[in-house]
Amino acid sequence: MNNVFAGVVLAAPVSFGYTRYSEHGVPWFAGNALAEMLRLSGLEKSSIDGLAIASFSLSPDTPASLAEYFGLELRLLEALPFGGASGVIAARRAARAVQAGDVEVVACIGADTSKPGTFSQLVANFSTATMDASYPYAAAGPNLPFALLTQSYMDRYGTQREDFGRICVAQRYNANHCDYALLGQKPLDLATYLAARSIVPPLHLFDCVMPCAGADSFLVMREEQALSLNIPYVYINSAFEAFNVFSSDPVQLRSGWSRYGAALYEQADTTPAAIDLIETYDDYPVIVMLQLEGMQLCDEGQAARYVQDHELRFDSEGPAHNTSGGQLSVGQAGAAGGFLGIVEAIRQITRSAGRNQASSAASALVTGFGMINYDRGLCSSAAILSAGRV
Amino acid sequence: MGEKLSQALLAGRLELPTCQRCSNVQYPPSEICRHCLSDALEVTACDPAGKVIACALVHYSLALDFDVNSPWPIASVKMNAGPVVFAHALEFLKRDTAVTLVPIIDSIGDGVFGALANVADRDLLQTRFNRTI
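Going line by line, the protein sequences match chains A and B. Residue 347 in the numbering used here is what sits at position 315 of the first sequence, and the numbering runs on without skipping anything. Residue 47 in the numbering used here is what sits at position 33 of the second sequence, and the numbering runs on without skipping anything.
1) Where does Asn405/A fall in DSSP's three states?
2) With DSSP as the reference, identify every bridge partner of Glu110/A, one or two as the case may be.
3) Between the Cα of Gln328/A and those of Ser361/A, Ile310/A, Tyr50/A, Ala126/A, spot the shortest distance and give me the residue it belongs to.
4) Using a beta-carbon distance cut-off of less than 8 Å, what residues from the segment 233-253 of chain A approach chain B?
5) Checking 8 Å against the spacing of the C-beta atoms, do Ile268/A and Ser395/A come in under that value?
6) Work out the CA separation of His102/B and Leu176/A for me, nearest whole Å.
7) Would Asn132/B be called buried (16 or more neighbouring beta carbons within 10 Å of its own) or exposed?
8) Would you please verify whether the beta carbon of Leu42/B is less than 8 Å from any beta carbon of chain A?
9) Would you please verify whether the beta carbon of Val155/A is less than 8 Å from any beta carbon of chain B?
10) For Gly115/A, which residues in the same chain have their Cβ closer than 7 Å to its Cβ, ignoring the five residues on either side in sequence?
11) For the beta strand (DSSP E) holding Ile67/B, just list the boundary residues, first then last.
12) Using a 10 Å radius around the Cβ and a threshold of 16 neighbouring Cβ atoms, would you call Asp120/B buried or exposed?
13) Within 10 angstroms of its Cβ, does Arg35/B collect 16 or more other Cβ (buried), or is it exposed?
14) Quick one: list the residues of chain A neighbouring Phe143/B, beta-carbon separation under 8 Å, in chain order.
15) So within the segment 295-335 of chain A, which uninterrupted beta strand (DSSP E) runs reach at least 3 residues, ignoring any that extend past its ends?
16) Just the C-alpha distance for Lys77/A and Arg421/A, rounded to the nearest angstrom, thanks.
17) Would you mind working out which of Asn405/A, Gly409/A, Ile416/A, Leu417/A sits nearest Phe455/A, comparing C-alpha positions?
18) Can you tell me whether Leu372/A sits near the ligand MN, meaning its C-beta is under 7 Å from at least one heavy atom of the ligand?
19) I'd like the list of long-range same chain contacts for Phe37/A, defined as Cβ closer than 6 Å, with 5 residues on each side in sequence excluded.
20) Let's test the definition: count the other Cβ atoms within 10 Å of the Cβ of Asp53/B and tell me whether it reaches 16, buried, or not, exposed.
21) When you compare only the Cα positions, how much space is there between Thr146/B and Val72/B?
22) Smallest Cα separation from Glu105/A: which of Glu68/A, Ala96/A, Asp144/A, Tyr189/A?
23) Would you say Ile231/A faces chain B, with C-beta separation under 8 Å as the test?
24) Which word fits Cys50/B, buried or exposed, when buried means at least 16 other C-beta atoms lie within 10 angstroms of its C-beta?
25) Taking 8 Å as the threshold (C-beta atoms), are Val398/A and Ala385/A in contact?
26) Could you name the residues of chain B that Ser184/A contacts, counting a contact when the two beta carbons are closer than 7 Å?
27) Do we get a CB-CB distance below 8 Å when we pair Ser52/B with the residues of chain A?
28) Between the beta-carbon of Ile9/A and the beta-carbon of Ala245/A, is there less than 8 Å?
29) Since Ser20/B and Gly128/B are thought to touch, with beta carbons under 8 Å apart, how far apart are those beta carbons, to the nearest angstrom?
30) Would you mind giving the Cβ-Cβ distance between Ala86/A and Ser54/A, rounded to the nearest angstrom? I have them listed as a contact below 8 Å.
31) For Asn144/B, count neighbouring Cβ atoms within 10 angstroms of its own Cβ and tell me buried if that reaches 16, exposed if not.
32) Quick one: any contact between the segment 227-242 of chain A and the segment 313-332 of chain A, if contact means 3 or more CB pairs under 8 Å?
33) When you compare the CB of Met33/A with every CB in chain B, is at least one pair closer than 8 Å?
34) Between the segment 147-167 of chain A and the segment 66-73 of chain A, are three or more C-beta pairs nearer than 8 Å?
35) Run down chain B in chain order and give the residues with a C-beta less than 7 Å from the C-beta of Tyr406/A.
36) Which of the three DSSP states is assigned to Phe61/A in this structure?
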């Protein structure tokens with residue numbers, strides 16, 4: 033295998049502090065995630081010389097201020113304002129830095145807090161484009177562009193609400209077996225999904241994520257170091273990040289996955305059919321479908337058929353999908369939502385997932401999508417991971 | 015540039031930032047041409063015609079202004095002039111419906127786009143906002 037990230041591994045997956053609202057700030061969530069990663073790995077704090085951080089609610093503090101806050105002396109500090117694409121991008125950039133010898137260990141953290149009203153403030157001031165061209169149109173936040181995108185997808189391919197519902201129901205089943213999923217205590221069936229109240233039709237309640245607080249994180253280091261620590265780890269076989277792809281499409285029904293997906297499999301010397309576990313970015317179920325299509329799990333426009341033919345549960349035959357329940361059932365902890373998939377994939381591959389452990393999880397595809405700026409998401413990413421030391 | 019656009023809409027003019035070098039029409043508003051990177055942009059009149067890409071009914075808003083009179087139909091419109099704009103509509107508009115963009119003043123006094131299949135309905139669309147003041 034021509035592993036372009038040879039010698040570099042991901043380890044110590046942590047999901048910390050998921051709660052609907054919190055009085056704590058981002059440093060509390062990120063700091064606790066960091067402490068838990070040190071505990072899992074057995075590393076001293078002084079071993080961390082790189083930090084990659086994604087957060088929407090860190091301001092007015094900065095990533096640099098976190099170095100001081102945590103007492104870290106760093107050689108690499110990566111700020112990742114890429115929303116749902118940030119977890120894979122963190123892994124990719126950290127792996128490059130470790131591989132080049134710039135740093136020894138990078139802590140990659142997505143963390144955000146949530147207080148009543150903070151989500152509305154974030155949405156109202158998200159970007160100049162959204163303030164000028166989206167928010168004045170009924171102040172629906174991301175629900176508006178994603179409703180329009182979902183309607184376009186349904187018009188083009190004949191997709192029905194039931195097809196989106198299959199994704200949401202399967203993920204809720206997974207969440208019912210995941211301890212930190214905030215909606216994991218609530219069952220969801222297709223009839224309940226279909227009867228849910230309208231938000232911005234075709235989007236209804238269970239198509240939308242619940243904003244929350246929390247942190248997701250992992251460490252990137254050399255394989256020799258992970259072996260000496262005697263900890264489980266996974267390989268990163270290939271990864272890409274891409275921005276503003278297919279910008280002339282009038283409506284975004286594809287993104288970087290369609291452009292770079294084939295090369296991702298080729299680089300990892302694998303195929304879509306050989307993947308055990310799929311972790312997609314699920315801010316809305318239509319985006320899951322675009323990722324399945326872009327990453328060649330099915331043809332363009334065939335995702336509805338795919339979700340009809342696959343159970344998508346952690347314990348089903350065929351590839352498991354969004355085994356934690358995803359953001360739709362765990363909650364969306366801001367930028368930590370962009371780390372949820374890759375952290376869950378590391379956990380699954382190292383067989384430390386708990387009740388939602390998939391039986392086959394030797395390889396995983398993780399995809400990311402983020403920063404809806406006006407009518408489309410500008411960032412996309414994907415990575416293929418495989419078992420190292422389990 | 016967003017401010018100039020809003021002022022034009024408030025004055026009842028359908029205008030968009032247009033590159034004086036390559037004629038590319040910009041939206042959302044920008045100070046740099048997305049096509050040729052020129053900063054020679056001026057808010058000028060443009061073809062108000064377009065076709066609906068999709069439409070959605072906003073039942074749940076994050077702003078109190080839109081709690082009344084909901085749901086609010088919002089259409090994405092591919093303008094003949096090039097850009098895709100979001101616009102208020104009177105009712106759900108099917109894909110590919112031919113529409114004309116018109117200037118509307120919303121309930122907080124900002125200039126916004128309306129999308130009408132029949133341009134004679136402009137006052138009717140404006141009335142939706144007048145009721146919410």
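Virtual Cβ for every residue (Gly too), placed ideally from N, Cα, C. Every value quoted in this text rests on a predicted model; they were computed, and no experiment measured them.
Walking through what the data contain:
1) For the purposes of this step, residue 405/A is identified with residue 373 of the first sequence, where counting begins at 1. In the structure shown, Asn405/A sits in a strand (DSSP, three-state: E or B).
2) The residue labelled residue 110/A in the question sits at position 78 within the first sequence. Answer is Ala84/A, bridged to Glu110/A.
3) Taking the first sequence and counting its residues from 1, one reaches residue 328/A at position 296. Considering only alpha carbons, the answer is Ile310/A.
4) Pro233, Pro234, Leu235
5) Counting from one through the first sequence, the residue named residue 268/A turns up at place 236. Counting from one through the first sequence, the residue named residue 395/A turns up at place 363. Result no, Cβ atoms of Ile268/A and Ser395/A do not sit closer than 8 Å.
6) Counting from 1 along the first sequence, the entry for residue 176/A is found at position 144. Counting from 1 along the second sequence, the entry for residue 102/B is found at position 88. Roughly 12 Å separates the two Cα atoms.
7) Position 118 of the second sequence, counted from the start, is the residue given in the question as residue 132/B. Exposed: under 16 other Cβ atoms inside 10 Å.
8) Your numbering for residue 42/B matches position 28 in the second sequence. For clarity, residue 42/B is Pro in the given sequence; the question names Leu instead. Chain A contact via Cβ: present.
9) As a working mapping, residue 155/A is identified with position 123 in the first sequence. Closer than 8 Å: yes.
10) Locating residue 115/A in the first sequence gives position 83, counting from the first residue. So the qualifying residues of the chain are Ala367, Gly370, Gly402, Met403, Cys411.
11) Working through the second sequence from its first residue, we reach residue 67/B at position 53. Unbroken beta strand (DSSP E) run through Ile67/B: 63-72.
12) By one-based count along the second sequence, residue 120/B stands at place 106. Buried, by the Cβ-count rule.
13) For the purposes of this step, residue 35/B is taken as the residue at position 21 of the second sequence. The residue is exposed, with fewer than 16 neighbouring Cβ atoms inside 10 Å.
14) Position 129 of the second sequence holds residue 143/B. None at all; the shortest Cβ gap to chain A is about 11 Å.
15) 309-311
16) For the purposes of this step, residue 77/A is taken as residue 45 along the first sequence, with counting starting at 1. For the purposes of this step, residue 421/A is taken as residue 389 along the first sequence, with counting starting at 1. If I take the Cα positions, the gap works out to 23 Å.
17) The requested residue 455/A is not part of the displayed model; chain A covers only 33 to 422.
18) Absence of the ligand MN is noted for the structure shown, with no ligands found whatsoever.
19) Counting from 1 along the first sequence, the entry for residue 37/A is found at position 5. Within the same chain, Phe37/A has close Cβ partners Ala127, Ile268.
20) In the second sequence, the residue the question calls residue 53/B occupies position 39. Exposed.
21) Reading the second sequence from its first residue, position 132 is the one you call residue 146/B. Reading the second sequence from its first residue, position 58 is the one you call residue 72/B. In this prediction, Thr146/B has a pLDDT of 49, which is less than 50 and means its spatial position is unreliable; what the coordinates show is noted afterwards. Distance between the alpha carbons of Thr146/B and Val72/B: 16 Å.
22) Indexing the first sequence from 1 puts residue 105/A at position 73. The shortest C-alpha separation from Glu105/A is found at Ala96/A.
23) Position 199 of the first sequence, counting from 1, holds the residue named residue 231/A. Answer yes: the Cβ-Cβ gap between Ile231/A and chain B drops below 8 Å somewhere.
24) Working through the second sequence from its first residue, we reach residue 50/B at position 36. Cys50/B comes out exposed.
25) For the purposes of this step, residue 385/A is taken as residue 353 along the first sequence, with counting starting at 1. For the purposes of this step, residue 398/A is taken as residue 366 along the first sequence, with counting starting at 1. Not in contact: Ala385/A and Val398/A (Cβ atoms no closer than 8 Å).
26) The residue given as residue 184/A occupies position 152 in the first sequence. Within 7 Å Cβ-Cβ: Ile67, Ala68.
27) In the second sequence, the residue the question calls residue 52/B occupies position 38. With 8 Å as the cut-off, Ser52/B does not count as an interface residue toward chain A.
28) Given a span of 33 to 422 for chain A in the structure shown, any question on residue 9/A remains unanswerable.
29) Residue mapping note: residue 20/B aligns to position 6 of the second sequence, counting from 1. Residue mapping note: residue 128/B aligns to position 114 of the second sequence, counting from 1. Incorrect: roughly 14 Å between the Cβ atoms, too far for contact.
30) Mapped onto the first sequence, residue 86/A falls at position 54. Mapped onto the first sequence, residue 54/A falls at position 22. Contact flag wrong, Cβ pair sits at about 17 Å.
31) In the second sequence, the residue the question calls residue 144/B occupies position 130. Per the 10 Å Cβ criterion, exposed.
32) yes
33) Along the first sequence, one-based indexing puts residue 33/A at 1. Residue confidence is low: Met33/A scores 49 on pLDDT, short of 50, so the model does not pin down where it sits. Its coordinate-derived value is still stated next. Answer no: the Cβ-Cβ gap between Met33/A and chain B never drops below 8 Å.
34) no
35) As a position in the first sequence, residue 406/A is number 374, starting the count at 1. The contacting residues are Pro42.
36) Stepping through the first sequence from its first residue, residue 61/A is reached at position 29. Note: Phe61/A maps to helix in three-state DSSP.
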